[in-house]
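Trainee: One structure is given below, represented as structure tokens, and several questions about it will come after.
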Amino acid sequence: MEQEKQSATVYDFVHPGHKLNRQWPVLDLVNARIATAFGTALSERLQINLIGQSLQTTRGTYMDCVESMGETCVVHELSLSPLTGVVWFCIDISMVSALVDSYFGGKATITPLEKSRQLSRTEQRVVQHVIAALAESITSGWSMVLPLNTAMVGPIDASRLSNAPLEQVMVTNEVKLQLEELELPCQIIYPFEMLKPLSAQLQHDTPKASAQDIEFSKALRSELMNCELDIRGVLSETKITLGKLLELQAGDFIPLRDVRNVSFKTQQMPLFDARIGNSNGRVSASLSRWHLPGGQ
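Per our numbering, residue 13 is the first one in the sequence shown, and the count goes up by one each step.
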């Protein structure tokens, strides 16, 4: 019986599926730190209230990434020494105009552009603040993985990018700057090959990140130790009839039972038992048994 001929399977050796589908959970944490620091740093530089948020991290081919930028996008290259290659930061000109309006006290609005144009000198100065804040934030965000020296290489013509026949995978982090009710999207784009040497660290948490978590836990515990609690302990209880209660007059005594042990609580949660006694002529309590987990 003659066997059916099978067609050849095409395999993409340049950007196979393992690149497009690679999961780097630590990179998501890095990008979230960058976005938060970016909003804070840019707020300080422009004296406006901006909140940075990382939306998602995606992977795609070089040409798909370039085509998604749009003709009115401003692109800057940044170096991340000691990593090889450059990172792109992309923001639309209309977003730059909105930042300029807010910087000078105006009502920031977004007016979409049909075609690209040159930035004004004022817009260029604001963009310099944006890039400086971003470089500072990238260094801070990546510190949980490795120390980086982030520096601006310079602006690049988006049309030049589209003419470069590069075959590689790009990793795009979508970032949103919240300006009151206005959302200003931008992108931080890494070449896959730049991050590839860090693949193992980006898949799993690093010792340095764990050390930071430990320091945070210590600081949180220290602050919690300064919290004040309202603790209550009932020294004595007795029963009395309504008739005798109404007969009470000033100076009358109410007999109480001899109390040896008292349970102290905070908001109805048992804390500890204590023995009641006297110390320097004052009623005192000596802790005898904890009710909290881990108590002695």
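Every residue gets a Cβ at the ideal spot worked out from N, C-alpha and C, and that includes glycine. These numbers were taken from a predicted model, which means no experiment stands behind them.
Per DSSP, what are the beta-bridge partners of His88 in this structure?
Mentor: According to DSSP, which records beta bridges pairwise, His88 is partnered with Phe101 and Pro167.
Trainee: Considering only the alpha carbon of each residue, which of Glu148, Ser275 and Asn175 lies closest to Asp76?
Mentor: Of the candidates Glu148, Ser275 and Asn175, the one whose C-alpha sits nearest the C-alpha of Asp76 is Asn175.
Trainee: For Gly97 versus Leu189, is the C-beta distance shorter than 8 Å?
Mentor: No, they are not a contact pair.
Trainee: Determine the direct distance from the alpha carbon of Ala147 to that of Thr184, and round the result to whole angstroms.
Mentor: So the two alpha carbons sit approximately 17 Å from each other.
Trainee: Out of Ile200, Ile243 and Lys277, state which residue places its alpha-carbon closest to the alpha-carbon of Val78.
Mentor: When only C-alpha atoms are compared, the closest one is Ile200.
Trainee: I'd like to check one pair, Leu92 with Ile150: are the Cβ atoms closer than 8 Å?
Mentor: Yes, Cβ-Cβ distance for Ile150 and Leu92 is below 8 Å.
Trainee: Per DSSP, what kind of secondary structure is Lys277 in: helix, strand or coil?
Mentor: Reduced to three states, the DSSP call for Lys277 is strand.
Trainee: If we ignore side chains and look at the alpha-carbon of each, how far apart do His10 and Val38 end up?
Mentor: Not covered by the structure: residue 10. The range shown for the chain is 13 to 308.
Trainee: What does the Cβ neighbour count give for His303, buried or exposed, with the cut at 16 atoms within 10 Å?
Mentor: Classification for His303: exposed.
Trainee: Taking Cβ to Cβ, would you say Gly72 is nearer than 8 Å to Val187?
Mentor: Not closer than 8 Å, so no.
Trainee: If you drop the 5 nearest sequence neighbours on each side, which residues of the same chain put their C-beta closer than 8 Å to that of Ser106?
Mentor: Answer for Ser106: Thr84, Ile122, Thr123, Pro124 and Leu125, listed in chain order.
Trainee: How many angstroms separate the CA atom of Glu179 from the CA atom of Tyr202?
Mentor: Going by the C-alpha atoms only, they are around 14 Å apart.
Trainee: Enumerate in chain order the residues of its own chain whose CB-to-CB distance from Ser298 is below 7 Å, with the five nearest sequence positions on each side excluded.
Mentor: The residues are Ala286, Arg287 and Gly289.
Trainee: Would you please state the rounded distance, in angstroms, between the beta carbons of Phe284 and Arg301? I believe it to be under 8 Å.
Mentor: The Cβ separation is near 6 Å, so the contact holds.
Trainee: Is DSSP giving Pro209 helix, strand or coil here?
Mentor: Three-state result, Pro209: helix.
Trainee: Can you give me the C-alpha to C-alpha distance between Ser128 and Ile168, rounded to a whole angstrom?
Mentor: Taking the straight line joining both Cα atoms gives about 13 Å.
Trainee: Here's the rule: buried if 16 or more other CB atoms are within 10 angstroms of the residue's CB, otherwise exposed. What is Arg45?
Mentor: Arg45 should be labelled buried.
Trainee: Mapping the DSSP letters down to three states, classify Arg133 as helix, strand or coil.
Mentor: The answer is helix: DSSP assigns Arg133 an H, G or I state.
Trainee: Tell me the residue span of the alpha helix (DSSP H) that contains Lys188.
Mentor: Run containing Lys188: none in the alpha helix (DSSP H); it sits in the beta strand (DSSP E), Val181 to Leu191.
Trainee: Compute the distance between the beta-carbons of Phe101 and Cys198, then report whether it is under 8 Å.
Mentor: Yes, the Cβ-Cβ distance between Phe101 and Cys198 is below 8 Å.
Trainee: If you run the structure through DSSP and keep just helix, strand and coil, what is Ser8?
Mentor: Nothing can be reported for residue 8, as the shown portion of the chain is limited to 13 through 308.
Trainee: On the criterion of 16 or more Cβ atoms from any shown chain inside 10 Å, does Ser132 qualify as buried, or is it exposed?
Mentor: By the neighbour-count rule (16 or more Cβ atoms within 10 Å), Ser132 is not buried but exposed.
Trainee: In angstroms with no decimal places, state the Cα-to-Cα distance between Leu241 and Ala231.
Mentor: Taking the straight line joining both Cα atoms gives about 19 Å.
Trainee: When you compare the CB positions of Val108 and Val87, do they come within less than 8 Å of one another, or not?
Mentor: No; because the gap between Cβ atoms is not below 8 Å, this pair is not in contact.
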